[in-house]
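If you read the protein sequences in the order shown, they are chains A and B.
Adding 1119 to a residue's 1-based position in the first sequence gives its number in the numbering used here.
Adding 1119 to a residue's 1-based position in the second sequence gives its number in the numbering used here.
We put the beta carbon where it would ideally sit given N, CA and C, even for glycine.
These numbers come from a predicted model, not from an experiment.
Number of protein chains: 2
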Amino acid sequence: MTILPADLRKVSVFQHATDDDLKLLLERSILRSIEEGGFFFFQGDPAKYLYVLVAGRAKLMQSSTAGQQVNLRTISEWQMFGALGAVRADAIYPATAQALEASTALAIESAFWREMMQTRPHLSFDLMQLMTGYIQEMQERYRELATEKVERRIARSILRLTAQLGLKNADGNIELALTRQDLAEMSGTTIFTASRVLAEWERNGLVETGRERVVLCKPHSLVQIAEELDES
Amino acid sequence: MTILPADLRKVSVFQHATDDDLKLLLERSILRSIEEGGFFFFQGDPAKYLYVLVAGRAKLMQSSTAGQQVNLRTISEWQMFGALGAVRADAIYPATAQALEASTALAIESAFWREMMQTRPHLSFDLMQLMTGYIQEMQERYRELATEKVERRIARSILRLTAQLGLKNADGNIELALTRQDLAEMSGTTIFTASRVLAEWERNGLVETGRERVVLCKPHSLVQIAEELDES
DNA sequence: GTTTGTCTTTGCGCTAGCGCAAATAGCGGA
DNA sequence: TCCGCTATTTGCGCTAGCGCAAAGACAAAC
């Protein structure tokens, strides 16, 4: 697989980079391919590289010492991940990145990226942009988890996901490939509750479900569940 | 009240700033004083200024359209807040900042700060440092909320707070000034449960409580509650 | 001292959601 | 086609934590 500088322009953090910047980055990076279920890095590893996913799909998750884990984010093509470690020389990854399917990512040395940012304010700005986005999303999700009921959180999780990577299938419906387990971890609940909620939605015709599959038939109704005021 | 450039060095984002930078910043900023319960800014306002608290105490909170809210962070002296809006020209504050007691903050124009960062990479780096810290903290708290029981979350909230601003009192114990309501909002629970948990701790001699007051008698036991593995 | 407002406690009932266990269904390989 | 693996469903019992309501405690102001 060959990556062109122009491809990198699709990465939000590189949108203001010059062609020379991109060329330089490419020259100094390597491609890493990971099979399904494999890991790009583990929480706690020294953050030697930052990554740009060029093919496949991955997820970022955080786990506690007791082994329980939550999904922080799903990564699709041309998204950057592992970038938090890029800021400090001695940083470690605060999360684990696992490939959901066979995936390839461009690995950029953190130290080199830091050097580039020193002399290119636009790169720093774009990275800060990305970071503020994360912070806001995490703050929102935190509030949701603290104050909202499970059904709504699941609806929100699905909608957030479709906004990022939902694909229309042949019937024009939006289809997602995810396990109940993933959905549960994204929403802060259990696989059992997730399954029950989806079953209920299916009974009401909002979705169709299958093994590792959710098809949205009435996206609007989902939005309503996600947004409507509590009837209190 | 007069702020000296040297004072600003206590702000983590300014630690690598030059004396000239600090002088410039001071000249271009104004002081805003807010009485107890007043607001520096509201969620949704255009982020025209970023702030550095120079006296008092404040909290950052996020509220949903339904009015429910969570505490994101407590701000003590020489901490920066409202900085997320500093990155984009058209940003809005993603949270509300309320004074917990009569407080004063230095208000720096976001646009001016952005200009300074353009030519001073060290400032960008220090701000990114702050942002990565936030992201990591929010990710952790999110996981805690999703996977851990209330008692442990309350213990964690208290410990996090003491790490930032806990003060030893005359007896050498650590004392905090916070309402049960605040504690509940920090921990993602209700005032009732927070009250019950503290009462239980008090019965076991871990803490002493009073109106808007929590004194840690056995901090180590709290750490144990916060960290010990589930007996599963 | 009394008043007033806010903060806190506690009894009580309730339910959303957890989590085990067992059954079922779907996919891929042999 | 059958087998084995993994994902999913569902019944069932249970409990952690919610949230109302009423009573009590504290602090500041009068």
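Tell me residue i's beta-bridge partners as DSSP assigns them.
| i | result |
| --- | --- |
| B:Met1247 | Partner(s): none; B:Met1247 has no beta bridge. |
| A:Val1189 | A:Gln1181 |
| B:Pro1165 | B:Ile1211 |
| B:Leu1335 | B:Ile1293 and B:Val1326 |
| B:Met1199 | B:Val1171 |
| A:Ala1218 | A:Ala1177 |
| B:Ile1344 | Beta-bridge pairing links B:Ile1344 to no other residue. |
| A:Ile1310 | The partner list for A:Ile1310 (beta bridge, DSSP) is empty, contrary to what the question assumes. |
| B:Ile1254 | In the DSSP output, where bridge partners are listed per residue, B:Ile1254 has none listed. |
| A:Phe1160 | A:Ala1216 |
| B:Ile1194 | B:Ala1177 |
Distance, Cα to Cα, residue i vs residue j?
| i | j | result |
| --- | --- | --- |
| B:Trp1197 | B:Lys1129 | 6 Å |
| B:Leu1325 | A:Arg1207 | 38 Å |
| B:Val1171 | A:Ile1254 | 19 Å |
| A:Arg1299 | A:Glu1347 | 24 Å |
| B:Ala1230 | B:Pro1338 | 44 Å |
| B:Thr1251 | B:Met1257 | 10 Å |
| B:Gln1187 | B:Ala1226 | 28 Å |
| A:Ile1194 | A:Glu1155 | 14 Å |
| B:Ala1318 | B:Thr1308 | 15 Å |
| B:Lys1167 | B:Phe1158 | 15 Å |
| B:Glu1304 | B:Gln1343 | 22 Å |
| B:Ser1222 | A:Ile1122 | 53 Å |
| B:Cys1336 | B:Ala1202 | 36 Å |
| A:Ser1340 | A:Leu1278 | 11 Å |
| A:Glu1259 | B:His1241 | 30 Å |
| A:Glu1270 | B:Asp1301 | 27 Å |
| A:Phe1133 | A:Trp1232 | 12 Å |
| B:Ala1345 | B:Ser1276 | 9 Å |
| B:Val1173 | B:Lys1268 | 36 Å |
| A:Glu1294 | A:Arg1330 | 12 Å |
| A:Arg1322 | A:Thr1281 | 21 Å |
So which residues of chain B does residue i contact, with C-beta pairs closer than 7 Å?
| i | result |
| --- | --- |
| A:Tyr1253 | Ile1254 |
| A:Gln1198 | Chain B residues near A:Gln1198: none, gap ~15 Å exceeds 7 Å. |
Just curious, the beta strand (DSSP E) that residue i is in, first and last residue?
| i | result |
| --- | --- |
| B:Arg1151 | Ser1148 to Ile1153 |
| A:Thr1223 | Ser1222 to Glu1228 |
Give the residues of chain B in contact with residue i, contact being defined as C-beta atoms less than 9 Å apart.
| i | result |
| --- | --- |
| A:Gly1163 | What A:Gly1163 touches in chain B: nothing, since even the nearest Cβ is about 12 Å away. |
| A:Tyr1261 | Gln1181, Val1189, Leu1191, Met1257, Arg1260, Tyr1261, Leu1264 and Gly1307 |
Residue range of the alpha helix (DSSP H) that residue i falls in?
| i | result |
| --- | --- |
| B:Phe1133 | Careful: B:Phe1133 lies outside any alpha helix (DSSP H) and carries neither H nor E. |
| A:Ala1274 | Val1269 to Leu1284 |
Residues of chain A with CB closer than 7 Å to the CB of residue i, please, in chain order.
| i | result |
| --- | --- |
| B:Thr1266 | Ser1183, Gln1187 and Val1189 |
| B:Gln1237 | Pro1240 |
Closer than 9 Å by beta-carbon distance: list the chain A residues that pair up with residue i, in chain order.
| i | result |
| --- | --- |
| B:Val1206 | Phe1244, Met1247, Gln1248, Met1250 and Thr1251 |
| B:Arg1322 | Those within 9 Å of B:Arg1322 in chain A number zero; the least Cβ separation is about 27 Å. |
Rounded to whole angstroms, how far is the Cβ of residue i from the Cβ of residue j, which I believe are closer than 8 Å?
| i | j | result |
| --- | --- | --- |
| A:Gln1162 | A:Thr1215 | 5 Å |
| A:Ala1296 | A:Arg1332 | 6 Å |
| B:Arg1151 | B:Glu1228 | In fact, because the Cβ distance is near 12 Å, the residues do not count as touching under 8 Å. |
| B:Ala1218 | B:Ile1149 | Actually they are not in contact, since the Cβ atoms of B:Ala1218 and B:Ile1149 sit about 17 Å apart, beyond 8 Å. |
| B:Leu1179 | B:Leu1169 | So it is not a contact: roughly 13 Å between Cβ atoms. |
| A:Met1199 | A:Leu1249 | 7 Å |
| A:Ser1314 | A:Arg1272 | In fact, because the Cβ distance is near 15 Å, the residues do not count as touching under 8 Å. |
| A:Met1247 | B:Ser1243 | 7 Å |
| A:Asp1140 | A:Arg1239 | 6 Å |
Interface residues of chain B around residue i at Cβ under 8 Å?
| i | result |
| --- | --- |
| A:Ala1214 | Gln1258 |
Given that residue i touches chain A, what residues does it touch there, using C-beta distances under 8 Å?
| i | result |
| --- | --- |
| B:Leu1203 | Thr1251, Ile1254 and Gln1255 |
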